[in-house]
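Inspection log for the structure reproduced underneath, given as structure tokens.
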Amino acid sequence: MSEMIQFTLNGAERSVAAEPDLMLIDVIRDVFNLTGTKHGCDNATCGTCTVVVNGKAVKSCNFPIEKAANAEVMTIEYLAKGTVLHPIQKAIAESGAVQCGFCTPGIVMELYGLLENKADASEAEITNVLSKHLCRCTGYEPIRNGALMAQKLMQARAAAK
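Read in order, the letters of the sequence shown are residues -17 to 143 in my numbering.
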């Protein structure tokens, strides 16, 4: 039986009639047409479906929509402001970590969930969150380098405020 689920998606109030066990990724992609969040493994092991819910990175392929009720959900589409990339997006692109781009949105959102909450995260913490993502193209060194560059950019942005 469908329920009306209300939540904030990328800064806008939304509501959707859905079965409570429908996964968040299906609502994001199929209802709201936000296709930056990718279907990968559908069992929360590859990380391509990562979004941020209430400030925390989650795998949307195993996150029931009912858990998003009254929550704030952010997808990759929310980060850039027009043509101005978020510092994490900028760093990942400049580090050479983007090849096919399939894993990139999930990695960016994972880093956002970490660095927005803990700008001074240790290199071990950054490596740990990156270990939750599979990349078949770049190898992991450019991704790690991009993550460390992103951290510096975000710290500089915070210091400038």
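Using N, Cα and C, we set each Cβ at its ideal position, and we do this for glycine too.
The alpha-carbon of ASN25 is positioned some 20 Å away from that of VAL55.
Assigned with DSSP and collapsed to three states, ALA0 falls in strand. Rounded to the nearest whole angstrom, the CA to CA distance from THR30 to SER42 is 9 Å.
Our two residues, ILE47 and ALA138, have alpha carbons roughly 36 Å apart in a direct line. Check the Cα spacing between LEU130 and each of CYS119, GLY95, ILE70: the tightest is with ILE70. Taken through DSSP and simplified to helix, strand or coil, MET(-14) comes out as strand. Contact between LEU93 and VAL111 holds: CB atoms are separated by about 7 Å, below the 8 Å threshold. Residues GLY18, THR19, PRO87, VAL90, MET91 of the same chain have their beta carbon placed closer than 7 Å to that of ILE58, with the five preceding and five following residues left out of the count. Judged by DSSP in its simplified three-state form, ALA39 adopts strand.
DSSP links THR27 through a beta bridge to no other residue. Contact check for ALA106 against LEU96 fails: the beta carbons are separated by 9 Å or more. Counting only the Cα atoms, MET(-14) lies some 30 Å from GLU98. Here DSSP, grouped into helix, strand and coil, assigns GLU(-5) to strand.
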